[in-house]
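Each residue of the sequence shown is one higher than the last, beginning at 1 in my numbering. Using N, Cα and C, we set each Cβ at its ideal position, and we do this for glycine too. Computed from a prediction, not measured in an experiment: that's the story for all the values here.
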Amino acid sequence: MTSTLALLGGRPVRTRPFPSWPIFDLADETRLLQALRSGRWGRLQGTEVAGFEQRFAEMHGCAHGIAVVNGTVSLRLALIAAGLRGEDEVIVPTYTFLSTASAVIEANCVPVFVDVDLHTFNIDPGAIEAAITPRTRAIIPVHFAGQPADMTAIVAIAARHGLLVLEDAAHAHGASYEGRPAGALGRVASFSFQSSKNLTSGEGGIITTNDATLAAACRSLHNCGRVPGGIWYEHHVISGNYRLGEFQGAVLNTQLHRLDTQTTTRDRNGRRLARRLEGLPGIHPQVRPASCTRHSQHLFLLRVDATTFGAPRDAVIEALQAEGIPCSGGYGYPLPDQPLFRNKAFGPYLTQVAARLDYSQVHCPNSQLICREQGLWLDQSLMLGTDADIDDIADALEKVHEQGHALVRYQRQAR
Ligand SMILES: Cc1ncc(COP(=O)(O)O)c(C=O)c1O
Numbered sequence: 001m002t003s004t005l006a007l008l009g010g011r012p013v014r015t016r017p018f019p020s021w022p023i024f025d026l027a028d029e030t031r032l033l034q035a036l037r038s039g040r041w042g043r044l045q046g047t048e049v050a051g052f053e054q055r056f057a058e059m060h061g062c063a064h065g066i067a068v069v070n071g072t073v074s075l076r077l078a079l080i081a082a083g084l085r086g087e088d089e090v091i092v093p094t095y096t097f098l099s100t101a102s103a104v105i106e107a108n109c110v111p112v113f114v115d116v117d118l119h120t121f122n123i124d125p126g127a128i129e130a131a132i133t134p135r136t137r138a139i140i141p142v143h144f145a146g147q148p149a150d151m152t153a154i155v156a157i158a159a160r161h162g163l164l165v166l167e168d169a170a171h172a173h174g175a176s177y178e179g180r181p182a183g184a185l186g187r188v189a190s191f192s193f194q195s196s197k198n199l200t201s202g203e204g205g206i207i208t209t210n211d212a213t214l215a216a217a218c219r220s221l222h223n224c225g226r227v228p229g230g231i232w233y234e235h236h237v238i239s240g241n242y243r244l245g246e247f248q249g250a251v252l253n254t255q256l257h258r259l260d261t262q263t264t265t266r267d268r269n270g271r272r273l274a275r276r277l278e279g280l281p282g283i284h285p286q287v288r289p290a291s292c293t294r295h296s297q298h299l300f301l302l303r304v305d306a307t308t309f310g311a312p313r314d315a316v317i318e319a320l321q322a323e324g325i326p327c328s329g330g331y332g333y334p335l336p337d338q339p340l341f342r343n344k345a346f347g348p349y350l351t352q353v354a355a356r357l358d359y360s361q362v363h364c365p366n367s368q369l370i371c372r373e374q375g376l377w378l379d380q381s382l383m384l385g386t387d388a389d390i391d392d393i394a395d396a397l398e399k400v401h402e403q404g405h406a407l408v409r410y411q412r413q414a415r
């Protein structure tokens, strides 16, 4: 005997909230106040951002970290610092946040889209090679949801074609691939500290690399084109002020103390939830290859196959929400279908080549299916809970599955 869906007036699986985000305590308040009272609010006067850059880079296997205002700017500056120039092509996945591709355009380069693997939600290395042309200069794999992309294959392709690998690690703080940290798996990487991210200061980002020359170029670009030893009003390359402030540095320093423990919890809970969902018809959690030695679970991703589950994804989301499980369908469509790309609304960028670009021709059936029919996202803060919290998520999905027929009937009547 299963209980009635909460959506139809039954008792919800859960009425307690999940852990909220962000998490902070007196330590954050004290450090922030110290930064305030020091009167050294800018990155070039204080020690908070400089100290954070070093610690974060080290934790992610890198000698250099350059903190910037967000994780879009970090992508753009990394491309420019690596020497990409007007209209070079950069391979990006179709299933990602806008910035992975918009940063390419704002570096005046051309994003070339490649579909993701349906099971891992990460860029499909098998499809990368076919997208390479004589103009290709870089690949930006995204470690989507915090699961490292297939870096062995990607780095090998890049080496064969002489391409830069820039990791978009916006979701992957503390994640690892074959025991090596995300952020040190390509030549350069970009992280975001925007408010939803696993490590946050409200806004912010960082570039990590082991390449000293590239690091120096990024540092100059993030600081108005200044160079070490140069005088204050001396600017060597076109750029601007993309420095992170000391208040954000102070918060990041205290938040960083929690990252390792939080990542361990998210990783453990992600494994638990995937195990609990094994065998539930029509439910396909993101497949985790053995190479993913630590998943940062910025999201817990799954696909709902309506035919075998017994109800369509959007109805499942509505039912789960009523059961007390916050969730969403994620992106509504793949990036190339965004009006920005369809209309080539690139402002001052790519003016010479826009005419020959046609993003309506991008073939990305897996991303289409995930966006329009199957994808379901649970946020990272849900992965910070207890075993009982995780079991509630699984119980709710099981309940919705068992009551699939009632859900579909309700949906039909509501139409
Ligand atoms: C995959 C991915 N890349 C890049 C970014 C950009 O980060 P930010 O919002 O800090 O600019 C995000 C942020 O949401 C993201 O999800």
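Please state whether DSSP places residue i in a helix, a strand or coil.
i      : result
Pro365 : helix
Glu323 : coil
Pro339 : helix
Val116 : strand
Asp305 : coil
Val316 : helix
Phe52  : helix
Ala131 : helix
His295 : coil
Asn269 : helix
Asn480 : Absent from the structure is residue 480, since the part of the chain shown begins at 1 and ends at 415.
Leu378 : strand
Pro285 : strand
Pro348 : coil
Arg43  : coil
Phe247 : helix
Ile140 : coil
With distances taken between CB atoms, is the gap from residue i to residue j smaller than 9 Å?
i      : j      : result
Gly65  : Ser190 : no
Gly183 : Cys62  : yes
Asp391 : Arg243 : no
Phe362 : Thr94  : At residue 362 the sequence reads Val, which differs from the Phe that was named. In contact: Val362 and Thr94 (Cβ atoms closer than 9 Å).
Ala82  : Thr120 : no
Phe113 : Pro365 : no
Val162 : Ser201 : The residue asked about is misnamed: residue 162 is Gly in this sequence, not Val. Not in contact: Gly162 and Ser201 (Cβ atoms no closer than 9 Å).
Gly174 : Asn198 : yes
Ala50  : Trp41  : no
Arg43  : Val251 : no
Glu246 : Ser38  : yes
Asp124 : Val110 : no
Leu280 : Ala394 : yes
Tyr102 : Asp168 : Checking the displayed sequence, the identity of residue 102 turns out to be Ser instead of Tyr. Not a contact, by the Cβ cut-off of 9 Å.
His298 : Ala127 : no
Val165 : Ala131 : no
Could you tell me if residue i is buried or exposed, where buried requires 16 or more neighbouring beta carbons within 10 angstroms of its beta carbon?
i      : result
Gly186 : buried
Met1   : In this predicted model, Met1 has a pLDDT of only 46, less than 50, meaning its place in the structure is not dependable; the value taken from the coordinates is given anyway. With fewer than 16 other Cβ atoms within 10 Å, it is exposed.
Glu323 : buried
Asn241 : exposed
Tyr377 : Sequence check: residue 377 is Trp here, not Tyr. With 16 or more other Cβ atoms within 10 Å, it is buried.
His143 : buried
Ser195 : exposed
Glu58  : exposed
Gln45  : exposed
Gly282 : buried
Tyr233 : exposed
Ala145 : buried
Arg226 : buried
Gln374 : buried
Ser3   : exposed
Glu48  : buried
Thr351 : exposed
Between the Cα of residue i and those of the options, spot the shortest distance and give me the residue it belongs to.
i      : options                           : result
His284 : Thr308, Arg294 and Gln297         : Thr308
Pro312 : Gln54, Glu53 and Leu369           : Leu369
Asp337 : Asp358, His298 and Thr254         : Asp358
Val104 : Val90, Ser328 and Gln286          : Val90
Leu75  : Asp88, Ala107 and Pro289          : Ala107
Gln54  : Glu318, Ser220, Thr208 and Ala130 : Thr208
Phe300 : Ile238, Asp267 and Ile139         : Asp267
Pro326 : Ala217, Ser296 and Met383         : Met383
Ser360 : Arg342, Phe346, Val287 and Thr152 : Arg342
Ile206 : Thr152, Asp260, Val73 and Ile238  : Val73
Thr265 : Arg288, Gly385 and Phe18          : Gly385
Q: Within the segment 48–114, note down every full alpha helix (DSSP H) run reaching 4 residues or more, in order along the chain.
A: 48–59, 73–81 and 98–105
Q. Of all the alpha helix (DSSP H) runs that stay within the bounds of the segment 158–244, which reach a length of 4 or more residues?
A. 212–221
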